[in-house]
Amino acid sequence: MDVEGLRVLARNPFSFVRLAVASNIRSDASVLTELLMGEFSQWDRNRLLWIVAGHPQAGRVVLLNVLSQVALLLAQRDVRPYAAAIALASRPELTPNEVRRLQNLPGASRRMRRGAERAIARRSGRDAGAASQDSA
Numbered sequence: 000m001d002v003e004g005l006r007v008l009a010r011n012p013f014s015f016v017r018l019a020v021a022s023n024i025r026s027d028a029s030v031l032t033e034l035l036m037g038e039f040s041q042w043d044r045n046r047l048l049w050i051v052a053g054h055p056q057a058g059r060v061v062l063l064n065v066l067s068q069v070a071l072l073l074a075q076r077d078v079r080p081y082a083a084a085i086a087l088a089s090r091p092e093l094t095p096n097e098v099r100r101l102q103n104l105p106g107a108s109r110r111m112r113r114g115a116e117r118a119i120a121r122r123s124g125r126d127a128g129a130a131s132q133d134s135a
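Heads up, the sequence shown is in numbering that gives the first Met the number 0, so the first residue is 0 and it goes up one at a time.
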């Protein structure tokens, strides 16, 4: 399927179809951006953010969009987009400080903070202990 077909499917009313479009390697930044603007249940929104955060076609602009949505969700009660936050931490398009801002939000758990630090350490080729010492 080409990008235009994926763009049409991105407007499908069924969330499972839109999540499949997000997972498709051929989905480009414009399709991913359109998906991020769609309506999803809380569960599906968290899954979408995780998928897009790890998508190879997601460039800096798309990842900043995901980062801002994750930050908004971490500021709410009972919404935990931890997988997306950790996936964002592994992306070299974002600076470690941009991702570390998520760790100070009310919904950030100790496990999420630790996972994000490990992801940052892996992408820079350092061990997680050195990364956590730098952030302390």
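Even for Gly, the Cβ is constructed at its ideal location relative to N, Cα and C.
- The closest CA to that of Ala82, considering only Glu38, Pro95, Leu47, Leu34, is found on Leu47.
- Taking C-beta atoms as the reference points, Ala118 and Ala70 fail to come closer than 9 Å.
- The alpha-carbon separation between Gly4 and Gln41 amounts to approximately 26 Å.
- In its chain, beyond the 5 residues on either side, Ala118, Arg122 have a beta carbon closer than 6 Å to the beta carbon of Ser89.
- For the pair Asp1 and Arg25, the CB atoms are nearer than the 9 Å cut-off.
- Thr94 carries a coil assignment under DSSP once its states are collapsed to helix, strand and coil.
- Counting only the Cα atoms, Gly53 lies some 19 Å from Gln102.
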